[in-house]
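Each remark here refers to the structure printed beneath this line.
There are 2 protein chains.
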Amino acid sequence: MMSIGTLSKQSGVHIETIRYYERAGVLPKARRATNGRRIYGKEDAGRLAFIRHARELGFELVSVRALLALQERPELSCKAASELASAQLAAVESRLNRLTILRDELKRMVRACKNGRVVDCRVIEALTNMP
Amino acid sequence: MMSIGTLSKQSGVHIETIRYYERAGVLPKARRATNGRRIYGKEDAGRLAFIRHARELGFELVSVRALLALQERPELSCKAASELASAQLAAVESRLNRLTILRDELKRMVRACKNGRVVDCRVIEALTNMP
DNA sequence: CATACATCCTGTAGTAGCTACAGAAACAAG
DNA sequence: CTTGTTTCTGTAGCTACTACAGGATGTATG
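Here's what the structure looks like:
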């Protein structure tokens, strides 16, 4: 049981953003105290942290909702859940591949620099022609 | 040497977005034909594809500019380039870690489903308490 | 109890990064 | 020369926030 301010501090998400997420439907309508203020439990902090990570990883709110749906609809058939998860999995693996390539190129540059050599940066070539 | 339409088809980036990138300064001001239309070379397609990948990976345009700067300023000292690359590298590795965790959880769910078991989804827990 | 200050509320407006459309000019085909 | 496509500039709309304004409520202190 905590206020929106406490939740904000705990999750690192701005108060305004929390209210926005409620409006946008990625957070459920918060329970209200008798004075009208929003009250949250600790599971909300988890959900919020998840949304933040997913957003930072490049998923839009539509995809975040899809991922959250996996968590919150145990009545979903195995098949439906698996299809949802598979689709997200494909997107995640594609990102992973490209991030790995980018990382390797950045690493190469830093390493070359340590050896005192002039760096030639090929981040563009590295990512341009991707599978 | 190609028109904005051809570049758009080749790169998969909308014409309007290409013009927006020029305005936003992630693409250089395009050369113009005598009739005023923009002309591009094939290096522009590469740069554009790179921007698109970087954006999909969750980098904002400010970071994209930083990455592009690495490529396009050979006059940068080894130290400066290395610092720029290191900073981006840290951001990339953080994303890689979280994406890997998310992927493993999605894989686990799909696998459990194949075995006919009811899935319990733990994507939230997986990403909530991250280093 | 009164005053002060923090926290919350709703609502609206601003920002980044696109995306879409309107209206005009230029080009290309028949 | 007409028709249709492409491009131009400019503006308006969209998503996902972010930042206020103005008001109500809560808490701490003299």
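So the protein sequences, as listed, match chains A and B.
Residue numbering for the first sequence follows the working numbering, beginning at 1 and increasing consecutively.
Residue numbering for the second sequence follows the working numbering, beginning at 132 and increasing consecutively.
The beta carbon of each residue, even a glycine, is placed where N, CA and C say it ideally should be.
{"query": "Quick one: using the 10 Å Cβ neighbour count with 16 as the cut-off for buried, is A180 of chain B buried or exposed?", "result": "buried"}
{"query": "For N228 of chain B, which option in A:K42, A:A54, A:Y40 has the closest C-alpha, if you only look at C-alpha atoms?", "result": "A:A54"}
{"query": "Please name the residue or residues paired with I232 of chain B in a DSSP beta bridge.", "result": "None, per the DSSP bridge assignment."}
{"query": "Below 8 Å, can you find three or more Cβ-Cβ pairs linking the region 187 to 202 of chain B to the region 92 to 108 of chain A?", "result": "yes"}
{"query": "With a threshold of 8 Å between beta carbons, is S8 of chain A in contact with chain B?", "result": "no"}
{"query": "Is V62 of chain A buried or exposed, if buried means 16 or more other CB atoms sit within 10 Å of its CB?", "result": "exposed"}
{"query": "Return yes when the Cβ of A243 of chain B is within less than 8 Å of the Cβ of L106 of chain A, no when it is not.", "result": "no"}
{"query": "Kindly list the residues whose CB is nearer than 7 Å to the CB of A81 of chain A, restricted to its own chain and excluding five residues on each side of it in sequence; keep chain order.", "result": "L70"}
{"query": "Output needed for C99 of chain B: all residues of its chain with C-beta closer than 7 Å, excluding positions within five of it in sequence on either side, in chain order.", "result": "In this structure chain B extends from 132 to 262, so residue 99 of chain B is not present and cannot be described."}
{"query": "Please return the same chain residues whose Cβ sits closer than 6 Å to the Cβ of V123 of chain A, not counting the five positions on each side in sequence.", "result": "E105"}
{"query": "Is the shortest distance between the beta-carbon of H184 of chain B and the beta-carbons of chain A less than 8 Å?", "result": "yes"}
{"query": "What does E224 of chain B reach in chain A if we use C-beta pairs closer than 7 Å?", "result": "R103"}
{"query": "Are the region 3 to 22 of chain A and the region 31 to 50 of chain A touching by the rule of at least three beta carbon pairs closer than 8 Å?", "result": "yes"}
{"query": "Assign G36 of chain A to one of two classes, buried (16 or more other C-beta atoms within 10 Å of its C-beta) or exposed (fewer than that).", "result": "exposed"}
{"query": "Which chain B residues sit within Cβ distance under 7 Å of L67 of chain A?", "result": "V254"}
{"query": "Using a Cβ-Cβ cut-off of 7 Å (strictly less than) and excluding sequence neighbours within five positions of Y152 of chain B, which residues of its own chain qualify?", "result": "L158, I182"}
{"query": "Going by C-alpha distance, which of A:L127, A:E93, A:S8 is nearest R47 of chain A?", "result": "A:S8"}
{"query": "What residues from the region 79 to 92 of chain A come within 8 Å of chain B, judged by C-beta to C-beta, listed N to C?", "result": "K79, A81, S82, A85, S86, Q88, L89, V92"}
{"query": "Could you check which residue in A:R23, A:V13, A:H14, A:E125 has the C-alpha nearest to that of N203 of chain B?", "result": "The residue asked about is misnamed: residue 203 of chain B is Glu in this sequence, not Asn. When only C-alpha atoms are compared, the closest one is A:E125."}
{"query": "So, helix, strand or coil for M109 of chain A, using DSSP?", "result": "helix"}
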